[in-house]
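Some notes on the structure that comes next.
In this note's numbering, the protein residues as written are -10 to 226.
Set out below in structure tokens:
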């Protein structure tokens, strides 16, 4: 979504040579505040933790992160999975409200908050793009509330598979990468691991999906999967 750079230096970098992520106008490349730093996180490594102070905003360039919150007794609620093009780190009052952890090897761009805020003020159209991104995030939060509050286990799993298909980097939306564990999926959907596994097996038996490997799911009947996710009656469920 934003500029991917590899240095904090300003003025000595040829900004026009830097790659541009989806959604950013090329005019931002001429702006010195667009320069960021790049970092990588290994699978299982924490980017930042809930409650920590922060002065940075991040963009996922490659790979996938899990976002989660913990209850005092250790129970975990995964609030989302972020892949390439997503922003994170907009911490209220400079304090992170969730933990971000790498599922796969992750490459990110890091922007200092002050520089990022100056981009909003100085680059035409930048604030509008951020508003659009925030609107999508709000819609995702509302969909998650509906999923946890009203949907059945089958509806939740179907919704999850469609979401992963829609946000993945590949153009083939019928081949879905699911690098997270079944435990991750369960903690995201408010289900047990056994329920997630049983539901995936049922979807496979009814030929709505195929499971060629644990980290890849093939959607065979998108129409019926969408009907399930929407709560419509489907034979066998």
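Positions of the beta carbon are idealized from the N, C-alpha and C atoms, including for glycine.
Per DSSP, reduced to three states, the secondary structure at residue 215 is helical. Ranked by Cα distance from residue 73, the first of 134, 97, 60 is 97. Counting only runs of at least 4 residues, the region 93 to 161 fully encloses the following alpha helix (DSSP H) elements, listed from N- to C-terminal order: 102 to 111, 115 to 139, 142 to 156. In this structure, residue 35 lies away from residue 94, with their beta-carbon atoms at least 8 angstroms apart.
Looking at the DSSP output, residue 75 sits in no beta bridge, so it has no partner there.
If you draw a straight line from the Cα of residue 199 to the Cα of residue 186, it comes to about 13 angstroms. Here residue 65 is bridged, per DSSP, to 59. With distances taken between CA atoms, residue 68 lies nearest to 126 out of 25, 126, 151. Across the structure, residue 52 and residue 28 are spaced so that their CA atoms are roughly 12 angstroms apart. In the DSSP assignment, residue 185 falls within the unbroken alpha helix (DSSP H) covering 182 to 194. Taking C-alpha positions only, residue 214 is separated from residue 120 by approximately 31 angstroms.
The beta carbon of residue 116 sits closer than 7 angstroms to the beta carbons of 109 from its chain, once the five residues preceding and following it are set aside; these are given in chain order. Apart from the 5 residues on each side of it in sequence, residue 102 sits with its Cβ closer than 7 angstroms to the Cβ of 44, 45, 46 in its chain, given in chain order.
Within the same chain, Cβ atoms closer than 7 angstroms to the Cβ of residue 66 are found at 57, 58, 176, the five residues on either side in sequence being excluded. Residue 171 and residue 77 have their C-alpha atoms roughly 24 angstroms apart.
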